[in-house]
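This report refers to the structure that appears directly beneath it.
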Amino acid sequence: MPVVNLSLLLPEFLVAALAFAVFAADLFMRPRQRNVLSVVSAVGLVAIGVFTYWFLQGKSESLYNGVLKIDNYSLFFKVFFLAMGVMIVIASASFVKQYLSHPGEYYGILLFSVVGMMLMSGAGELLTAYISLELLSFSLYIMASYARDNPKSNEAGIKYVLLGALSSAILLYGISMIYGATGTTTFSDIAAALRNLDAVNPRLLIGMALVLAGLGFKLAAVPFHMWAPDVYEGAPLPVTAYIAIGSKVAAFALMLRLFGEAFLPAIDQWRMLVAILAALTMSVGNLVALAQTNMKRLLAYSSIAHVGYLLIGIAALSPMASTGLMFYLVGYSATNMLLFAAVIAFYNKEPRDDISALAGLADRSPFLAGAMAAALFSLSGLPFFAGFIVKFYLFSAATHEGLLWLAGLAIFNSLVSLYYYLMIIKQMYINQSPDKTPIRVSGGMAALVIALVIAVFVIGLYPAPFVDVIESATRTIFPATMMASY
Amino acid sequence: MPQEYAINYGAVVLAAIVGLMAVLFMFLTNYLLAPRRSSAIKGLPFECGVPAAPFTWSQINIRYYIFAILFLVFDVEAVFLFPWVIIYLKSAPIVFYEMLVFLAILLFGLLYGWKKGMLEWQ
Numbered sequence: 004m005p006v007v008n009l010s011l012l013l014p015e016f017l018v019a020a021l022a023f024a025v026f027a028a029d030l031f032m033r034p035r036q037r038n039v040l041s042v043v044s045a046v047g048l049v050a051i052g053v054f055t056y057w058f059l060q061g062k063s064e065s066l067y068n069g070v071l072k073i074d075n076y077s078l079f080f081k082v083f084f085l086a087m088g089v090m091i092v093i094a095s096a097s098f099v100k101q102y103l104s105h106p107g108e109y110y111g112i113l114l115f116s117v118v119g120m121m122l123m124s125g126a127g128e129l130l131t132a133y134i135s136l137e138l139l140s141f142s143l144y145i146m147a148s149y150a151r152d153n154p155k156s157n158e159a160g161i162k163y164v165l166l167g168a169l170s171s172a173i174l175l176y177g178i179s180m181i182y183g184a185t186g187t188t189t190f191s192d193i194a195a196a197l198r199n200l201d202a203v204n205p206r207l208l209i210g211m212a213l214v215l216a217g218l219g220f221k222l223a224a225v226p227f228h229m230w231a232p233d234v235y236e237g238a239p240l241p242v243t244a245y246i247a248i249g250s251k252v253a254a255f256a257l258m259l260r261l262f263g264e265a266f267l268p269a270i271d272q273w274r275m276l277v278a279i280l281a282a283l284t285m286s287v288g289n290l291v292a293l294a295q296t297n298m299k300r301l302l303a304y305s306s307i308a309h310v311g312y313l314l315i316g317i318a319a320l321s322p323m324a325s326t327g328l329m330f331y332l333v334g335y336s337a338t339n340m341l342l343f344a345a346v347i348a349f350y351n352k353e354p355r356d357d358i359s360a361l362a363g364l365a366d367r368s369p370f371l372a373g374a375m376a377a378a379l380f381s382l383s384g385l386p387f388f389a390g391f392i393v394k395f396y397l398f399s400a401a402t403h404e405g406l407l408w409l410a411g412l413a414i415f416n417s418l419v420s421l422y423y424y425l426m427i428i429k430q431m432y433i434n435q436s437p438d439k440t441p442i443r444v445s446g447g448m449a450a451l452v453i454a455l456v457i458a459v460f461v462i463g464l465y466p467a468p469f470v471d472v473i474e475s476a477t478r479t480i481f482p483a484t485m486m487a488s489y
Numbered sequence: 005m006p007q008e009y010a011i012n013y014g015a016v017v018l019a020a021i022v023g024l025m026a027v028l029f030m031f032l033t034n035y036l037l038a039p040r041r042s043s044a045i046k047g048l049p050f051e052c053g054v055p056a057a058p059f060t061w062s063q064i065n066i067r068y069y070i071f072a073i074l075f076l077v078f079d080v081e082a083v084f085l086f087p088w089v090i091i092y093l094k095s096a097p098i099v100f101y102e103m104l105v106f107l108a109i110l111l112f113g114l115l116y117g118w119k120k121g122m123l124e125w126q
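If you read the sequences in order, they're chains Y and B.
The opening position of the first sequence corresponds to residue 4 in the working numbering, with each subsequent residue numbered one higher.
The opening position of the second sequence corresponds to residue 5 in the working numbering, with each subsequent residue numbered one higher.
So, in structure tokens, the structure goes:
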């Protein structure tokens, strides 16, 4: 058996080592000092991010016969996840200090979940993918119930763990079906088996459908979304942000590689299923979001709707759609992170999460109100913001693959979503509140919000550099023959 | 080949017989030596050594679960150690050190729990 070049996994090892260092430091620090660990985690993640980019650039190898892949695709997502981890740590810092106990374990578990996400983007085999997904999920179960004295947070944790266990069971059952039908779990061998079959047998179809359902639970795609609003509402705000952004991007990183490298030859069999899932998810998410009065629940339904748009990228699977999907993930993450950062900054001063609490925010903090308005415009997909250009890429890829009806439905849904996003803006700018005390934003949060506002505009106005990087990532998961026509 | 097969199974059969004998011996010794005094509490179903709870909804001390998790961690460790013991001498040195890293991580977990007071029963 050949010895594997484990040094290629250095980024993951370093993040895990950072997590252990945070846990160990937590043991020997006095409770009041422990909030310093947020700085340690953020700085460590930045350093590892820079190192990863430098170290893995241009490397293309697969470890353990294709179980883990080190390529441009995983490099893109690894740097993406590390950056996201940094932002979540910054957004958590004052929130954790004010509302949560045990900061050391909070940041340690957060770092473990980043390892899980990084492995998900590199997994080239179903069981490895499953185990890295569980590493992420277990961390999120704990983090969702982190506000221990808050019954809602406990409820969120219990619901999340139960539904998570159910979805894992479904996913594993699907994996076993696929293994039974093809005799392998590595993506490339599954693709080869699919190409050699004259007709796709029902066992394989059931397996793929079950895997789709299992991942659908993790993504909160309709009809597997019931857990999402309650978990989002109960979890502490930075954790809600993390579930809404991190877990979705990671699940799509896994799904895109799985469908691109393994299930692509049988696309005619599952395309309609995914398309219907996408249509249902975006429609239900947007329509139910219209009726929400709680900010966290509204963001939950809005993120369900965005999962619907993102699923179009899987339904229209092609190099163009893959680029569109990854670009959408970038735009969605930056925008949603901006919105959550602003909401957290507000919550740190005034712990209320109903939408009416935002009344008169434009007077109390023009900075936060402006940032939130930019994020909301971007989420609804108005031009000049990131949200427009990413939707443009993704939807035009869908029309290219003949899914015109789906792209049309998505555009109609974007219009619906504009209504409830504008309602928040109306609260902030038109409604008045009796309380006129200005809201001060702490330095770290202000820097994060400003950086994200800039990012949202840069992605919207000058997307070329992002698209170039993403195209080189797309190139590694599709066969060369498909890239020629791209 | 079939001969080797038979020898391997011979070992299994031998272990089964010895195991059965050992258990029978223990029961027999117990039967012969133990004093027999019955009382109400001895008739209760056995639940980890504590008196059975009167209600199904009674609260159970969280420490049971913490100990169970700790036990499970080291149980699973053993599952990984057995195959490793068989192959590590024949494999590259890295296989040996990888397992040491694994053990170090588990040891860290135990020390962490210890320092946090997980092992105290109050």
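All C-beta atoms in this analysis are idealised placements derived from N, C-alpha and C, irrespective of residue type, glycine included.
As the structure is a prediction and not an experimental result, all values here were calculated from the model.
- Around the Cβ of Pro14/Y, a 10 Å sphere holds 16 or more other Cβ atoms; the residue is buried.
- The shortest CA-to-CA distance from Met229/Y to any of Leu78/Y, Ala159/Y, Gly111/Y and Asp29/Y is the one to Ala159/Y.
- Taking a Cβ-Cβ threshold of 9 Å, the residues of chain B close to Leu30/Y are Leu115, Tyr116, Lys119 and Lys120, in chain order.
- Taking the beta carbon of Phe115/Y as reference, no residue of chain B falls within 7 Å; the closest one sits roughly 12 Å away.
- For the region 11-27 of chain Y, the residues whose beta carbon sits under 7 Å from a beta carbon of chain B are, in order, Phe23 and Phe26.
- Rounded to whole angstroms, Ala362/Y and Asn434/Y show a C-alpha spacing of 5 Å.
- Boundaries of the alpha helix (DSSP H) around Ser170/Y: Pro154 to Thr185.
- Among the residues facing chain Y, Phe112/B is included, as its CB has a counterpart in that chain under 8 Å away.
- Leaving aside the five residues that flank Leu213/Y on each side, the residues in its chain whose CB is nearer than 6 Å to its CB run, in chain order, Ile173, Tyr176 and Gly177.
- Between Tyr304/Y and Pro232/Y, the CB-CB gap stays under 8 Å.
- Between Ala324/Y and Ala400/Y the beta-carbon gap is near 4 Å, inside 8 Å, which marks them as a contact.
- The C-beta separation of Val70/Y from Thr189/Y comes to about 7 Å, placing the pair in contact by the 8 Å criterion.
- The three-state secondary structure of Lys72/Y, taken from DSSP, is strand.
- The secondary-structure analysis by DSSP pairs Asn8/Y with nothing; it has no beta-bridge partner.
- Taking the Cα positions, Thr33/B is about 32 Å away from Phe78/B.
- Rounded to whole angstroms, Val99/B and Leu110/B show a C-alpha spacing of 17 Å.
- With a cut-off of 8 Å on Cβ pairs, the region 55-73 of chain Y is not in contact with the region 459-472 of chain Y, counting fewer than three such pairs.
- For Phe31/B, the number of other beta carbons within 10 angstroms of its own is below 16, and it is reported as exposed.
- Thr131/Y is classed as buried because its beta carbon has at least 16 other beta carbons within 10 Å across all chains shown.
- For Glu264/Y, the number of other beta carbons within 10 angstroms of its own is at least 16, and it is reported as buried.
- Phe349/Y counts as buried, since at least 16 other C-beta atoms from the protein chains shown sit within 10 angstroms of its C-beta.
- Checking the DSSP bridge columns, you'll see Leu123/B has no partner listed.
- In the three-state scheme derived from DSSP, where H, G and I count as helix and E and B as strand, Asn351/Y is classed as helix.
- When the Cα atoms are used, Leu139/Y and Phe115/Y turn out to be separated by approximately 7 Å.
- Each residue's CA atom was taken as its position, placing Pro437/Y and Met211/Y some 55 Å apart.
- Linking Ala38/B to Met123/Y through their CA atoms gives a straight-line distance of about 58 Å.
- By the neighbour-count definition (other C-beta atoms within 10 Å, threshold 16), Asp29/Y is a buried residue.
- Non-local C-beta neighbours of Val470/Y in its own chain, meaning closer than 8 Å and more than five positions away in sequence, comprise Thr326, Phe330 and Tyr396, ordered along the chain.
- Contact between Ala22/Y and Gly111/Y holds: CB atoms are separated by about 5 Å, below the 8 Å threshold.
- Assigned with DSSP and collapsed to three states, Glu128/Y falls in strand.
- In the three-state reduction of the DSSP assignment, Glu8/B falls in the helix class.
- A contact is defined here as three or more CB-CB pairs under 8 Å, and the region 191-206 of chain Y fails this definition with respect to the region 153-169 of chain Y.
- Given a length threshold of 3 residues, the region 11-78 of chain B has no whole run of the beta strand (DSSP E) inside it.
- Of the candidates Arg355/Y, Ser368/Y, Ile473/Y and Ile347/Y, Ile347/Y places its Cα closest to the Cα of Val99/Y.
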